[in-house]
Amino acid sequence: TSPMVKHLWNIKGWIQDLPIAGADTLVDYLMYALNSLCPTGLPSPVMKLARQYDHHVAMTVGDFGHGELDRFSERMQQFQQNHKIQVHECTTSSQAASLSAFRFAAAPAFRTYCVGKGLSGFSVD
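Numbering of the sequence shown is given in my numbering, commencing with residue -6 and proceeding in unit increments.
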């Protein structure tokens, strides 16, 4: 974790611990309100798919020398024949890094979204 993120996280925790009503969700409301002013962290092809579909699955797939990648690719092609899905393969290291960072930012962002929308949420990772 970068020192800046750690510092900001500590400030968020300090504000949430203030002995005033609503302090525990104040930062989430602010982040929700300001979110649209920030650039997206996702590569544009992935962002396009995110707008097109109401859910996504991010996978990291590797091959350890025993044909795992070939078998995975065959199974994905079979699945695509029977289901309406789109697959985006990250072709650059920066796309892969952006998507990986998004995966780890999504869990706390879900809380912010729920607080901002006034919803109860349940997240499973």
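Idealized CB from N, CA, C, for every residue including glycine.
Run of the alpha helix (DSSP H) containing residue i, from where it starts to where it stops
| i | result |
| --- | --- |
| M40 | S37 to Q45 |
| H0 | P(-4) to Q9 |
| M69 | E61 to N75 |
| L27 | A16 to L27 |
| P101 | S86 to K110 |
Member of the options whose CA lies at the smallest distance from the CA of residue i
| i | options | result |
| --- | --- | --- |
| E82 | S37, F97 and G15 | S37 |
| A99 | A51, I13 and H0 | A51 |
| I78 | G6, L30 and H49 | H49 |
Cβ-Cβ distance between residue i and residue j below 8 Å
| i | j | result |
| --- | --- | --- |
| S116 | F103 | yes |
| T105 | M40 | no |
| G109 | Y46 | no |
| F95 | G34 | yes |
| H65 | V54 | According to the sequence displayed, residue 65 carries Phe and not His. Result yes, Cβ atoms of F65 and V54 sit closer than 8 Å. |
Close beta carbons around residue i, own chain, < 8 Å, minus the five adjacent residues each side
| i | result |
| --- | --- |
| I8 | A16, L19 and V20 |
| M69 | V80 |
| L42 | H49, Q79 and H81 |
| F72 | I78 |
6 Å Cβ shell around residue i - same chain, five flanking residues per side excluded
| i | result |
| --- | --- |
| C107 | G114 |
| D56 | L62 |
Same chain, Cβ closer than 7 Å to residue i, neighbours up to 5 away in sequence not counted
| i | result |
| --- | --- |
| G60 | none |
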